[in-house]
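Enquirer:
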Amino acid sequence: CSEMGGTARKWPKTTTTTPQRNSAVSDSGKSMEKLMCSYCNYTTTKKYLLQRHLKSHSTERPHKCAYCDRSFKTTIQLTNHVNTHLGVKPFQCKFCSFSFTTSGELIRHVRYKHTLEKPHRCDECGYATVELSKLRRHIRTHTGEKPYACPHCSYCSPDTFKLKRHLRVHTGERPYQCNICNFRFTQSNSLKAHMLTHQAEKPSFPCSYCPSVMARKSDLRYHIGKQHARQSEPLSCNKCDEDFPDKYSLRMHGKTHKGQTIHSCNHCEFSANTSQQLDDHMNKHRGTRPFQCSECGLMFAARADLRAHVTRTHRNS
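Numbering-wise (full-length UniProt numbering), the sequence shown opens with residue 1 and increments by one.
(1) With H, G and I counted as helix, E and B as strand and the rest as coil, what does DSSP make of R70?
(2) Let me confirm a value: S103 is counted as buried when at least 16 other C-beta atoms fall within 10 Å, else exposed. Which label applies?
(3) Please report the straight-line C-alpha distance between S188 and C37, rounded to a whole angstrom.
(4) Give the DSSP-derived three-state secondary structure of K134 in the structure shown.
(5) Under 8 angstroms, do residue 318 and I262 count as touching if we go by C-beta distance?
(6) Give the straight-line distance between the Cα atoms of Y112 and V130, rounded to the nearest whole angstrom.
(7) So, under 8 angstroms CB-CB, residue 318 and H166 are touching, yes? Tell me the CB distance rounded to an integer number of Å.
(8) Are the beta-carbon atoms belonging to Y148 and T160 less than 8 angstroms from one another?
(9) From what residue to what residue does the alpha helix (DSSP H) around T84 run?
(10) According to DSSP, is K34 part of a helix, a strand, or is it coil?
(11) Restricting to Cα atoms, I'd like to know which of E233, R174 and K146 is closest to R184.
(12) Considering only DSSP beta bridges, list what Y148 is partnered with.
(13) Since V82 and C93 should fall inside the 8 angstroms C-beta cutoff, what is the C-beta to C-beta distance between them, to a whole number of angstroms?
(14) Do you know how far the Cα of S232 is from the Cα of L135?
(15) Kindly indicate the opening and closing residues of the alpha helix (DSSP H) around N283.
(16) Along the chain, where does the alpha helix (DSSP H) containing G104 start, and where does it finish?
(17) Would you list the residues sitting across from Y39 in a DSSP beta bridge?
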């Protein structure tokens, strides 16, 4: 694939340790031989680490599970997998009572739940994460690399997760099933969105910057990223010299050139087209909920929230 400047890799079936060699200097001042992977940018001073790494490029899986039909590249991967069959969890968290099948699961748990450590950091933008795999995936947003190619079409992906999801378009697989109506989906987030249709009280997620209300948290995140995220370069109005940090601010400003009044909150970055929308927003600062549902008595801070509640909850009543 050449999309976004990336190229799709085809890994060899087998790999051999024929690394490139460079010199490195240890903390003690001794010269060390630096071993480089022939297939990627991985480097190490330990030959056994390079040999272990090279297996990640091979498609061979010689270690077979005795309990199912899965196979693995290394004995460690096989042992961890067999533990899932046996229910063995040898790795105990020192901070709580949880135990885990693999050391990797334990490390992730400790960092996510206890230490909040994010040791893997992007040199380009400061993004930090718990997992090295997530950093590698993030770096591809800067490089545009899409190394994973679909064997059936021209689609390329920056990570294996998206490729697996895409492959369901060709296979017809729908692994996520609703336990209420048995409808099946290709993606887990599609199932989550579908499950909302079975709830009596549908959740709503209001935007903190404008009057928009979303049905899903993921939709709200997308909306904020699209409309309210600060741009790397200021956005300039083409009718005057004023600059704005995000698309929504520029769009609202553009309405002033058409003679419209923009109503802005004095306490936060919220702005709206009408004084009524601003007044409803101010109820959230005041902590008041003056709008009551005539069907069930629930109270809401904004008229839009009440209307959304009635539509989602009582429209079939």
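All C-beta atoms, glycine included, are put in the ideal place defined by N, C-alpha and C.
Since the structure is predicted, the reported quantities are computational estimates derived from the model, not experimental observations.
Expert: Working from what's here:
(1) coil
(2) exposed
(3) 36 angstroms
(4) helix
(5) The structure shown does not extend to residue 318, since the chain spans only 1 to 317, so no value can be given for it.
(6) 7 angstroms
(7) The chain is shown from 1 up to 317; residue 318 falls before or after that span and cannot be answered.
(8) yes
(9) T75 to L86
(10) strand
(11) R174
(12) S157
(13) At roughly 21 angstroms, the Cβ-Cβ gap does not stay under 8 angstroms, so V82 and C93 are not in contact.
(14) 21 angstroms
(15) S275 to R286
(16) S103 to V110
(17) According to DSSP, Y39 bridges with nothing at all.
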